Structure formats: C-alpha cells, structure tokens
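*Asks:* According to numbering that gives the first Met the number 0, the sequence shown is numbered sequentially starting from 0.
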Amino acid sequence: MKIFSGKQIYEADKFTIKKQNISSDVLMERAAMQLFHWLHSRMQGAQVKIHIFCGIGNNGGDGIALARHLWEHGYNFDVYVLSYSEKRSKDFLLNLDRLKERKLWPNFLNEGSKLPEIH
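See the structure below:
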C-alpha cells in the first residue's frame, strides 16, 4: 500500500481541482461520498458504532462530511476532532457548519483531553 505525504496529497488535490474545474468543497464532497459508499456497501445493516477521528485541515473536513452522510443514512457514529490549533481550513469549517446545521456536534479533543474508550 502506498501512503502519500501531505505535500503529495495537496498537489494531487490542486491538480484535480484545476483539471476538472471544480471547487475544493466539491472535491471534498466527492471524497466523502466515495468513502461513504465503500463503507455502506460493507456495513449495510450492521449494528456497530463508527468512530471518526478528524484533524482540523482538509482531511478533517472529509471526515466531517463523511459523518453527515452517515447520519443521513441512519448510522450510529461519534466524531472526534483533534483540536490542536486554532487554525482550521476553510473547507473543514464549511463542513463543520453543515454538521451543526443538523444539530450534530463533534467531540473536540485537545492536548489535555482524555481519549474515548472504544469497544
């Protein structure tokens, strides 16, 4: 499995946005939908809680968008935002607002937070 660096992902995103003439928000929504469909095809009907851990950049925005799609399809989940800085990406904040519009509130974890127990 190839793991890309942050810089490589940034360059791939930038290339795709330019080549397909789309916004970063549209790209993020596509990523979240693809992950949702992958999870849904494997978990449909499963009664398991999903735990989503997000940063505060664009990958965190992907996770927040994924949570919204899971909610729209009735999945049981918790979202944790690792809030290690006040600097958040524009698309992360956009998706956080979309989640809050649905009265869904992620759990913010900072340096002093106790990590949740996951079973």
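C-beta: ideal position from N, C-alpha, C; glycine also.
As the structure is a computational prediction, the values presented were derived from the model and not from experiment.
When the Cα atoms are used, what is the spatial distance from D77 to L38?
*Replies:* D77 and L38: Cα-Cα distance of roughly 15 Å.
*Asks:* Hey, is the segment 73-90 in contact with the segment 109-118, meaning 3+ C-beta pairs nearer than 8 Å?
*Replies:* A contact exists between the segment 73-90 and the segment 109-118.
*Asks:* Is it the case that the Cβ atoms of L93 and D24 are separated by a distance below 8 Å?
*Replies:* It is a contact, given that the beta carbons lie within the stated cut-off.
*Asks:* Beta carbon of K102, beta carbon of N75: below 8 Å?
*Replies:* Not in contact: K102 and N75 (Cβ atoms no closer than 8 Å).
*Asks:* Quick one, which of A45, F52, G5, Q43 has its alpha-carbon nearest N109's?
*Replies:* The option with the nearest alpha carbon to N109 is F52.
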